[in-house]
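Residue numbers (the UniProt record's numbering), protein chains in the order written: chain A, 1 to 140; chain B, 1 to 140.
Number of protein chains: 2
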Amino acid sequence: MDQPDRPMTNQLSYALAAAHRRINASLNARLRGHGIQIEAWRLLEALESGQRFTMGELAEIVLMNPPALTKLVDRMVSDGLVHRQVAQSDHRKINVLTTALGRKRMMQIRREIEDQDASIQRQLGESDSQKLISLLQGIT
Amino acid sequence: MDQPDRPMTNQLSYALAAAHRRINASLNARLRGHGIQIEAWRLLEALESGQRFTMGELAEIVLMNPPALTKLVDRMVSDGLVHRQVAQSDHRKINVLTTALGRKRMMQIRREIEDQDASIQRQLGESDSQKLISLLQGIT
DNA sequence: AGAATTTAATTGACTTGGAAAATAAATTCA
DNA sequence: TGAATTTATTTTCCAAGTCAATTAAATTCT
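Right, dumping it as structure tokens:
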């Protein structure tokens with residue numbers, strides 16, 4: 001389907017928004033069948049290493065606000081994918097840990113979900129992908 | 001503040017999401033004072049040329065789903081910035097048109113809002129900005 | 001030690017965004 | 001023509017974002 005003519009002001013931020021949207025749509029489509037959403041998927045991936053993260057750290061990692069993360073974790077807890085644990089060093093902090101079910105689901109999905117980056121790198125090539133990452137990181 | 005260690009899988013789509021988030025935050029901050037949101041701003045810009053767009057075309061332009069656009073247009077109608085007009089050729093289609101107020105507000109804001117791209121180009125340089133655009137457009 | 005401040009997470013109110021279903025008009029086709 | 005299908009938009013329901021306020025624990029400062 002053709003795109004309609006559009007104004008070309010702010011091409012760059014527009015291109016960024018559009019590319020992000022396309023990537024999210026494709027990842028979402030693949031995750032939908034597994035009944036999981038992008039943010040939950042990113043969270044499970046972050047926890048895969050077994051490293052202990054607090055809510056605040058996770059909020060940065062999955063690019064959500066703390067209140068939004070609280071709600072996401074609530075849902076994932078009731079789905080049995082993660083659980084909360086008060087940090088022993090500082091009782092204000094909450095560590096989020098995967099459950100056995102969470103790890104199992106993560107592995108199942110990972111096996112079927114192709115790595116997002118792999119698909120982009122196939123389109124752009126290795127060196128352009130690296131270039132793209134460094135350009136993106138240069139934007140403050 | 002230091003970022004916590006994070007898993008380096010899907011670096012690329014992560015960098016994309018993060019850059020998009022940073023840019024949106026900055027543009028949003030500048031638009032907030034004008035009581036308008038990014039999507040409304042993009043919509044007003046799209047309509048600036050006077051070209052007639054349907055809801056579906058606008059949804060692509062402002063990168064929203066049709067349902068979300070319906071609500072955005074509802075709000076902008078009640079703010080007096082745009083109005084709807086059933087297309088004479090096809091009564092299913094709705095054209096969205098700016099009002100005099102909408103055009104006036106657009107001009108006012110544009111005068112005060114610095115171009116988003118200008119700020120990015122200052123960071124990246126002209127040629128890297130062009131490179132970034134073409135890389136982003138290469139992502140399907 | 002004890003009051004004041006800072007930090008971490010949550011809650012609540014409100015607005016916005018997204019997917020699926022519903023509505024309504026146009027087109028196809030038998 | 002008229003039933004079936006496609007297309008355009010809207011409605012509905014749920015999830016996410018923001019912001020301010022709250023709770024609770026740790027730290028700072030006399």
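Using N, Cα and C, we set each Cβ at its ideal position, and we do this for glycine too. Source: prediction; values computed, not measured.
Here's the rule: buried if 16 or more other CB atoms are within 10 angstroms of the residue's CB, otherwise exposed. What is residue i?
i	result
residue 70 of chain A	exposed
residue 21 of chain A	exposed
residue 102 of chain B	buried
residue 107 of chain A	exposed
residue 45 of chain A	buried
residue 89 of chain B	exposed
Is there a Cβ of chain B sitting closer than 8 Å to that of residue i, yes or no?
i	result
residue 92 of chain A	no
residue 138 of chain A	yes
residue 12 of chain A	yes
residue 85 of chain A	no
residue 129 of chain A	yes
residue 37 of chain A	no
residue 63 of chain A	yes
Check whether chain A comes within 8 Å of residue i, counting only Cβ atoms and requiring the distance to be less than that.
i	result
residue 20 of chain B	yes
residue 108 of chain B	no
residue 15 of chain B	yes
residue 135 of chain B	yes
residue 43 of chain B	no
Taking a contact to mean a Cβ-Cβ separation below 8 Å, would you say residue i touches residue j in this structure?
i	j	result
residue 48 of chain A	residue 72 of chain A	no
residue 16 of chain A	residue 19 of chain B	yes
residue 13 of chain B	residue 133 of chain A	no
residue 81 of chain A	residue 54 of chain A	no
residue 135 of chain B	residue 93 of chain A	no
Mapping DSSP to helix, strand and coil, what is residue i?
i	result
residue 77 of chain B	helix
residue 63 of chain B	coil
residue 52 of chain A	coil
residue 22 of chain A	helix
residue 138 of chain B	coil
Using CA coordinates, which residue listed in the options is at the minimum distance from residue i?
i	options	result
residue 34 of chain B	B/111, B/84 and B/51	B/111
residue 87 of chain A	A/81, A/119 and A/97	A/97
residue 118 of chain A	B/78, B/31, B/139 and B/77	B/139
residue 75 of chain B	B/37, B/31 and B/23	B/37
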